[in-house]
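Taking our numbering, I'd label the letters of the sequence shown as residues 41 to 324.
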Amino acid sequence: MSATAILLVHGSLRERMAAELTGFVYGSGGVIVGHDQYVDRERSRYFARLEWSLDGARIDRRALTDQVRDITRRLELTAGLYFSADVPRIALFVSNLSHCLYDILGRWRSGEWRVEIPIVVSNHESLGDVARRFDVEFRHVPVSADIKNTQEHAQIELLHERQVELVVLARYMQLVGPELIEAYPNRIINIHHAFLPAFPGARPYHRAHRRGVKIIGATSHYVTEELDAGPIIEQDVIRVSHATSVDDMLRLGRDLERTVLARAVWLHLQRRVLVDEGRTVIFA
41 MSATAILLVH
51 GSLRERMAAE
61 LTGFVYGSGG
71 VIVGHDQYVD
81 RERSRYFARL
91 EWSLDGARID
101 RRALTDQVRD
111 ITRRLELTAG
121 LYFSADVPRI
131 ALFVSNLSHC
141 LYDILGRWRS
151 GEWRVEIPIV
161 VSNHESLGDV
171 ARRFDVEFRH
181 VPVSADIKNT
191 QEHAQIELLH
201 ERQVELVVLA
211 RYMQLVGPEL
221 IEAYPNRIIN
231 IHHAFLPAFP
241 GARPYHRAHR
251 RGVKIIGATS
261 HYVTEELDAG
271 PIIEQDVIRV
281 SHATSVDDML
291 RLGRDLERTV
301 LARAVWLHLQ
311 RRVLVDEGRT
321 VIFA
């Protein structure tokens, strides 16, 4: 498969933005293989994803990066430039539940995802054998109120040492600290076991059962300092009834959590997610 460049941009709407961007790509020798755009007319905002083949490119990566910076600055666009040849490095954070961990490690080991997973971090030791079974480094970083800041620094150091680009909270049942969020803005993906904004926080299935809901869901979102309120990437639901027990909800929910988290991570890896003012635009 040909190596490609992917450009994600968003900003205030101006005339001829699409023409300027596509003209730049063709002018650099690129051949566009994908072009998606969205205009939010209520807010006068422009969003776009361009992907182009680099086979015939007349400039190298450094020069291309410089030229993208120049044109997006001129158009007053926030931009991200990515290259398909790069292999993203992911860290997985877990607690005691293994279903999302197994799912992601399986997608990586089978070759479905072209990524590297250098480390699994947990506040418990119970899933260490799972990580080691996949030949992935496991680090136990216990978290408690009196050492939380120190341990957050340790987590950040582990991630930086291993050149991690994306952190996935695969049912990590701890609040992420502000320094880690600042170090990885819109690069920490969580799975919450409810259809947000309903039932944020702990034990959502139990609360849903007491409330008598007719659907339960799962939500994957970027992590912000506000609990379970980050920009939503992916969601799904399944119907339940008055006869569905809490245990049944937990079982059904695990299936949703696996697939919703995997879809969200995949969308991020494919550079199909833009975040703007607390919301996402998904070029699926």
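Cβ atoms here follow ideal geometry from the backbone N, Cα and C, with glycine treated the same way. Because the structure is a prediction, the values reported are computed rather than measured.
Quiz item: Within the chosen definition, does the stretch 260 to 275 reach the stretch 218 to 235 through at least 3 CB pairs nearer than 8 Å?
Solution: yes
Quiz item: If we count the other Cβ atoms within 10 Å of its Cβ and call it buried at 16 or more, is residue 91 buried or exposed?
Solution: buried
Quiz item: So the beta strand (DSSP E) residue 92 belongs to, where does it begin and stop?
Solution: 85 to 93
Practice problem: With DSSP as the reference, label residue 155 as helix, strand or coil. | Solution: coil
Practice problem: Might you give, ordered along the chain, the residues of its own chain that have their beta carbon closer than 7 Å to the beta carbon of residue 53, omitting 5 neighbours on each side? | Solution: 79, 84, 85, 86
Practice problem: Report the residue from 51, 58, 311 whose alpha carbon sits nearest the alpha carbon of residue 15. | Solution: In the structure as shown, the chain starts at 41 and stops at 324, and residue 15 therefore has no counterpart that could be examined.
Practice problem: Classify residue 245 as buried or exposed, calling it buried when 16 or more other Cβ atoms lie within 10 Å of its own Cβ. | Solution: buried
Quiz item: Would you call residue 337 buried or exposed, if buried means 16 or more other Cβ atoms sit within 10 Å of its Cβ?
Solution: Not covered by the structure: residue 337. The range shown for the chain is 41 to 324.
Quiz item: What's the call for residue 283, buried or exposed, on a 16-neighbour Cβ count within 10 Å?
Solution: exposed
Quiz item: Nearest to residue 183 by alpha carbon, out of 177, 191, 238?
Solution: 191
Quiz prompt | residue 246 - DSSP class collapsed to helix/strand/coil | solution = helix
Self-check item: Inter-residue spacing [alpha-carbon to alpha-carbon] between residue 59 and residue 307
Solution: 26 Å
Quiz item: Which full runs of the alpha helix (DSSP H) of 4+ residues lie inside the stretch 158 to 241, going along the chain?
Solution: 168 to 173, 188 to 201, 218 to 223
Self-check item: residue 274: first and last residue of the uninterrupted beta strand (DSSP E) it sits in
Solution: 272 to 279
Practice problem: Would you tell me roughly how many angstroms separate the C-alpha atoms of residue 174 and residue 66, rounded to the nearest one? | Solution: 43 Å
Quiz item: In terms of residues, what are the limits of the beta strand (DSSP E) holding residue 290?
Solution: Counting along the chain, residue 290 falls outside any beta strand (DSSP E), though it belongs to the alpha helix (DSSP H) covering 286 to 309.
Quiz prompt | For residue 135 and residue 333, believed in contact at Cβ under 8 Å, the rounded distance | solution = The structure shown does not extend to residue 333, since the chain spans only 41 to 324, so no value can be given for it.
Quiz item: Could you give the distance in angstroms between the alpha-carbon of residue 275 and the alpha-carbon of residue 299?
Solution: 9 Å
Exercise. Apply the 10 Å Cβ neighbour rule to residue 324 and answer buried if 16 or more other Cβ atoms are within range, or exposed otherwise.
Key: exposed
Exercise. Using only alpha-carbon positions, find the residue among 178, 169, 309 that is nearest to residue 132.
Key: 178
Quiz item: Whose CA, out of 252, 247, 212, lies closest to the CA of residue 301?
Solution: 212
Practice problem: Enumerate in chain order the residues of its own chain whose CB-to-CB distance from residue 297 is below 8 Å, with the five nearest sequence positions on each side excluded. | Solution: 139, 140, 211, 231, 233, 258
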